[in-house]
Amino acid sequence: MEPILLGRGTTDDIPVTLLPRYGNRHGLVAGATGTGKTVTLMTLAEGFSRRGVPVFMADVKGDVAGLAVPGEGGGKLAARAAEIGVADHAPEASPVVFWDLYGQLGHPVRTTVSEMGPTLLARILELNDTQSGVLDIVFKLADDRGLLLLDLDDLRALLNLVAGERKEVSAAYGLVSAPSIAAIQRALLRLEQDGGKQFFGEPALDLADIMRVNHDGRGVIGILAAAQLVLKPRLYSTFLLWLLSELFERLPEVGDLDKPKLVFVFDEAHLLFDDAPPALVQRIEQVVRLIRSKGVGVYFCSQFPDDVPAPILGQLGNRVQHALRAYTPRDQKAVRTAAETFVPNPKLDVARTISSLGTGEALVSTLHDNGVPAPVQYTRIAPPRCRMGAITEAERARVRASSPVGSRYDTPVNRESAAELLAARAAQQTQAAPQGGAAPAATEGGGLGRKISEFLFGTGRRQGVVESVARQTARNVGGSIGRSVGSSIGERVAGRTGKKYGGR
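According to full-length UniProt numbering, the sequence shown holds residues 1 to 504 in order.
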């Protein structure tokens, strides 16, 4: 299959390409703000799409949406393409589907609370270890009682149930404290205020809809509108991590193919690892290591290469390093890290070159024959064929109108789940409760008679014929015993007067 042209290597005056069969060996695009990372990602996405590989990527700044419309052509872009050696460079739009967790700039993206799971949901809610443990218990209780957790209303209803049965739940599953339940409820409220409620529910995202191939054989590029979402870093990063985990768990093993089944681009990758517990980082490392055998290539994009933990960084075979400005000790460390991760080229001083790269220039090393990294090249990146900038509302509307997904996700579905079932049970209990304001003790005969009835038939509200007779007998027996005890006490305390008030 034809390689993807990334640019022209000026170090050895050769084309710098990425072989599609090594697209699932993952990659890294790094560099300071304004150095051309987004354009490189767009060039990569176009290249994979033209070879029939679907791509899913986030649009943090709004300019990735330009993939959906053709570029202007001519001028500097045409001159740059000719300089690099692109003979057939012409304006071209890629097949695009827009997605948006908030449902404003694309099809709504939803999942259920159960599919998200307690671990990732606790990360979204920013819970501590104790509160996360309580959330684990809530999920376990839902499983044991057959209650579906589809949306946040279901989760809130189950939290109320746990609060009402806290002693019983604590005895069966482990200690559940009232402050922990209250903290989770407050976190849910914050998530709803941030717009997160729209993310949980149905219809849930079907993975097949982000792995589409167009009628002309080009892979469909799924673009997640993330300009607002990235302002909620935990929600943004956890959603992408959930999606990556779903791909890992559901896709079959396929081994090495001639091209990936999907390329997954994780922009602002540092958000994924900021304050992440070691167990979560270890899980991400495992997913990245194993998901390539399922035909998925993962490409991280961030400012510094060491934003990605070393065990994961070592698994990224295709690397594009844009300029880093070594002004601070942090920057200088990042430059050293970047220089050490490339295969050396005797013609190039990597550490010095990184700081002097211009916009649209990068140090590039990709996997070539037998999966061996090629020596690093000083590269002028090829321009994309699409628009390098934002699109208008009218252009976005036209793309959405022609979406192959149609209106499948546009209307939420609220089927019966935990909230509805628990509400129905509460309504039944209310209807079965005694009417007219009579006290429960009076209807049960009170005192010892009630305890005998409960011993025989439990505390439920069932009213069979035999039970009615038994309850009446219990009342009589209880009343007799009560009067005898009261009489005895009354005689001892106050003679006849005590006996009178004791029950005679």
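Every residue, glycine too, gets a C-beta built ideally from N, C-alpha and C.
For residue i, count neighbouring Cβ atoms within 10 angstroms of its own Cβ and tell me buried if that reaches 16, exposed if not.
i           : result
Asn414      : exposed
Asp307      : buried
Ile14       : exposed
Lys259      : buried
Tyr299      : buried
residue 525 : The question about residue 525 has no answer here: the residues shown for the chain are numbered 1 through 504.
Asp209      : buried
Met1        : exposed
Pro329      : exposed
Gln303      : buried
Could you check whether residue j and residue i sit closer than 8 Å to each other, using their CB atoms as the reference points?
i           : j      : result
Ala23       : Gly255 : Here the sequence assigns Gly to residue 23, which means Ala is not the residue at that position. For Gly23 and Gly255, no; Cβs fall outside 8 Å.
Leu240      : Ala58  : yes
Lys76       : Ala227 : no
residue 509 : Leu6   : Here the chain comprises residues numbered 1 to 504, so residue 509 is not present and cannot be evaluated.
Thr341      : Pro305 : yes
Phe200      : Arg110 : yes
Val113      : Leu121 : yes
Leu41       : Cys386 : no
Val97       : Ser403 : yes
Pro91       : Gly66  : no
Ser293      : Glu246 : no
Leu135      : Ile184 : yes
Ile4        : Gly47  : yes
Asp194      : Lys232 : yes
Arg186      : Ile84  : no
If residue i sits next to residue j, beta carbons under 8 Å apart, how far is it from one beta carbon to the other, in whole angstroms?
i           : j      : result
Leu262      : Gly295 : 7 Å
residue 507 : Phe248 : Shown here, the chain extends from 1 to 504; a query on residue 507 therefore has no answer.
Ser94       : Gln131 : So it is not a contact: roughly 43 Å between Cβ atoms.
Leu158      : Leu141 : 7 Å
Val39       : Pro278 : So it is not a contact: roughly 35 Å between Cβ atoms.
Gly219      : Pro54  : 4 Å
Leu324      : Ala87  : With a Cβ gap of about 33 Å, Leu324 and Ala87 do not count as contacting.
Leu272      : Phe266 : 7 Å
Arg319      : Val350 : At roughly 11 Å, the Cβ-Cβ gap does not stay under 8 Å, so Arg319 and Val350 are not in contact.
Ala418      : Leu189 : Between Leu189 and Ala418 the Cβ distance is about 18 Å, and since that is not below 8 Å, they are no contact.
Spatial neighbours of residue i within its chain, please: C-beta separation below 6 Å, excluding the five flanking residues on both sides.
i      : result
Ile124 : Arg234, Leu235, Thr238
Leu229 : Leu101, Tyr236
His107 : Trp99, Val405, Tyr409
Val469 : Per-residue confidence for Val469 stands at a pLDDT of 36, beneath the threshold of 50, marking its modelled position as unreliable; the derived number appears in the next sentence. So no residue of the chain qualifies.
Thr43  : Ala382, Pro384
His89  : Ala81
Glu285 : Pro311, Ile312
Would you say the beta carbon of residue i is closer than 7 Å to some non-hydrogen atom of the ligand GDP?
i      : result
Asp136 : Absent from the structure shown: the ligand GDP. Ligands present: none.
Tell me which residues share the same chain as residue i and place their Cβ nearer than 8 Å to its Cβ, disregarding the 5 neighbours each side in the sequence.
i      : result
Glu395 : Ala68, Val69
Thr119 : Ser132, Leu280
Gly36  : His322, Thr359, Gly360, Glu361, Ala362, Ile381
Thr392 : none
What does a CB cutoff of less than 7 Å around residue i pick up in its chain, not counting 5 residues either side in sequence?
i      : result
Glu192 : Leu152
Thr11  : Asn345, Lys347, Leu348, Gln377, Tyr378
Pro203 : Arg110, Arg408, Tyr409, Val413
Asp331 : Leu324, Arg325
Leu422 : Ala157, Leu161
Gln198 : Leu101, Tyr102, Gly103, Pro108
Asn214 : Pro95, Val220
Gly389 : Asp63, Gly66
Check: At what residue ranges does the region 370-412 contain a whole run of the beta strand (DSSP E), taking only runs of 3 or more?
Finding: Runs of the beta strand (DSSP E) inside the region 370-412: 377-381.
Check: Along the chain, which unbroken stretches of the beta strand (DSSP E) at least 3 residues long are found entirely within the region 79-138?
Finding: Counting only runs of 3 or more, we get 96-100.
Item checked: Runs of alpha helix (DSSP H) lying entirely within the region 24-72, each at least 4 residues, in chain order -> Runs found: 37-50.
Item checked: Continuous alpha helix (DSSP H) assignments of at least 4 residues falling wholly in the region 343-370 -> Counting whole runs of 4 or more residues, the region 343-370 contains the alpha helix (DSSP H) stretches 350-354.
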